[in-house]
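Below is one structure, written out as structure tokens; the observations come after it.
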Amino acid sequence: MTHLTHEDEHAVDRLTLHLLQDAYFDVVAVLRGAQPKAASAILAVMEQRVANALSRMCRDDSEGTGSKSIALAVGERLGEIMEQAHGRANAAKVA
């Protein structure tokens with residue numbers, strides 16, 4: 000595997016987030032179209048897992064001294080994506 004520059008790694012992160020965001024939007028749309036009640040339950044579990052992971056990250060300082068700031072930033076970014084996917088936010092760019 001070739002060595003990636005710092006800028007390349009940032010590009011990988013941006014593209015990964017963008018692709019996951021698109022996939023999340025698609026999953027939400029399909030679930031809501033097929034089974035709205037099941038969709039709400041499934042999405043609530045997925046979102047709780049994210050919240051739990053970020054809480055553990057803060058509690059355990061798993062990313063070092065910046066863990067709390069990192070968890071808050073990730074939570075804000077993912078929260079924007081989740082809100083947009085659920086139609087609770089305007090179409091602001093999140094990725």
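For the sequence shown, numbering that gives the first Met the number 0 gives the first residue as 0, with consecutive numbering after it. From the three backbone atoms N, C-alpha and C, an ideal C-beta is built for every residue, glycine too.
With H, G and I counted as helix, E and B as strand and the rest as coil, what does DSSP make of residue i?
| i | result |
| --- | --- |
| Ser95 | No information on residue 95 is available, as it lies outside the stretch 0 to 94 that the chain covers here. |
| Gln47 | helix |
| Leu18 | helix |
| Ala10 | helix |
| Leu30 | helix |
| Gly78 | helix |
| His5 | helix |
| Ile41 | helix |
Can you name, in chain order, every residue of its own chain whose Cβ lies under 7 Å from the Cβ of residue i, other than the five neighbours on each side?
| i | result |
| --- | --- |
| Arg31 | Ala38 |
| Met81 | Glu46 |
| Ala70 | Leu53, Met56, Cys57 |
Can you name, in chain order, every residue of its own chain whose Cβ lies under 8 Å from the Cβ of residue i, other than the five neighbours on each side?
| i | result |
| --- | --- |
| Asp102 | Residue 102 lies beyond the range of the chain shown here (0 to 94); nothing can be said about it. |
CB-CB under 6 Å to residue i, same chain, minus the five flanking residues each way: which ones, in chain order?
| i | result |
| --- | --- |
| Phe24 | Ala84 |
| Val29 | none |
Would you mind giving the Cβ-Cβ distance between residue i and residue j, rounded to the nearest angstrom? I have them listed as a contact below 8 Å.
| i | j | result |
| --- | --- | --- |
| Leu77 | Val44 | About 15 Å separates the two Cβ atoms, so there is no contact after all. |
Does the CB of residue i have a neighbour CB from chain C at under 8 Å?
| i | result |
| --- | --- |
| Leu30 | In summary, chain C is missing from the structure at hand, where a single protein chain is found. |
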